[in-house]
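Reminder that position 227 of the sequence shown reads as 421 in the numbering used here, one-by-one numbering, no gaps. No residue lacks a Cβ here, since even glycine has one placed at the ideal position from N, Cα and C. Everything on this sheet refers to the single structure shown next.
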Amino acid sequence: MALEAAQQRGAMALFGEKYGDEVRVVSMGGKFSVEFCGGTHVERTGDIGLFKIVGESGISSGVRRIEAVTGQGALALVAREEQTLKQLCELVKANQEDLLDRVKQINASNKALEKELDQLKAKIASSAGSDLASSAKDVAGIKLLACAVDDFDPKALRETVDQLKNKLGSAVVLLISTAGGKVSIVAGVSKDLTDRVKAGELANMVATQVGGKGGGRPDMAMAGGSDVAAVPAAVASVEEWVASKL
195 MALEAAQQRG AMALFGEKYG DEVRVVSMGG KFSVEFCGGT HVERTGDIGL FKIVGESGIS
255 SGVRRIEAVT GQGALALVAR EEQTLKQLCE LVKANQEDLL DRVKQINASN KALEKELDQL
315 KAKIASSAGS DLASSAKDVA GIKLLACAVD DFDPKALRET VDQLKNKLGS AVVLLISTAG
375 GKVSIVAGVS KDLTDRVKAG ELANMVATQV GGKGGGRPDM AMAGGSDVAA VPAAVASVEE
435 WVASKL
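In structure tokens, the structure reads:
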């Protein structure tokens with residue numbers, strides 16, 4: 195029909211579409227939905243078959259887009275989802291009715307295990323801190339500890355550095371750990387020394403030697419890198435650098 199006649203009938207145009215003088219109008223249920231045809235259309239809604247919405251999003255102010263599959267495509271999607279659901283049930287050893295409760299149970303168990311693991315790491319860090327304190331050197335009247343430790347994650351490194359600062363008093367502490375081909379660095383400086391030695395500068399100085407960068411507060415800083423082979427030389431450079439600041 196003519197564009198003007200369609201507009202008088204109340205047909206709704208699709209946002210962003212351009213129409214000629216002659217347009218198709220698609221209606222459902224008479225006055226329920228009357229729109230300009232935007233492309234694919236059918237003689238009757240029954241031809242569509244199963245209609246399954248797979249996504250919904252905003253494309254502009256006040257305009258939402260619904261994405262769906264129909265007919266054989268929708269049936270194929272349902273079949274894939276059923277197969278995925280079956281595989282999940284087999285994986286967690288539950289039937290479909292109990293699947294949600296089983297997943298919640300597994301999630302709660304994982305959280306409990308993660309909490310227990312964090313507690314164990316904290317104990318290991320505390321023990322390691324006590325052992326490492328005896329390795330601190332006297333440099334220009336302060337305690338300096340710079341060393342590499344094995345398989346400490348950044349959180350454990352930070353906790354260990356905090357413990358060592360408290361134990362050593364007026365001190366500069368730098369710990370490096372390597373795991374999975376990555377280098378983690380944590381530097382700590384006691385409050386009384388931060389006017390001369392900055393933890394952020396120390397961490398960055400070491401990080402540049404192991405292919406990384408970092409920074410942080412004057413009393414605590416973290417950094418990372420990727421050159422594991424350069425770690426021994428980087429650790430060895432700390433004493434001279436700290437001495438130059440005192």
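Contacts around residue i, its chain only, beta-carbon distance under 6 Å, and the 5 residues preceding and following it disregarded
i	result
residue 342	370, 425 and 429
Paired residues, beta bridge with residue i - DSSP
i	result
residue 250	260
residue 341	369
residue 221	228
residue 399	For residue 399, which the question treats as bridged, DSSP gives no partner whatsoever.
residue 332	337
Three-state secondary structure assigned by DSSP to residue i
i	result
residue 242	coil
residue 392	coil
residue 292	helix
residue 321	helix
residue 216	strand
residue 409	strand
residue 417	strand
residue 376	strand
residue 404	coil
Residue j beta carbon less than 8 Å from that of residue i
i	j	result
residue 422	residue 372	yes
residue 393	residue 383	yes
residue 251	residue 259	yes
residue 336	residue 366	yes
residue 296	residue 288	yes
Beta-carbon proximity list for residue i, same chain, < 8 Å, skipping 5 on both sides
i	result
residue 272	244 and 246
Chain-order list of residues whose beta-carbon lies under 7 Å from that of residue i (same chain, five-residue window excluded)
i	result
residue 427	403
Should the segment 348 to 362 be called in touch with the segment 376 to 396, which here means at least 3 C-beta pairs below 8 Å? Yes, they touch.
Given 8 Å, three or more beta-carbon pairs between the segment 326 to 345 and the segment 303 to 314: Proximity of the segment 326 to 345 to the segment 303 to 314 falls short of the contact definition, fewer than three beta-carbon pairs being nearer than 8 Å.
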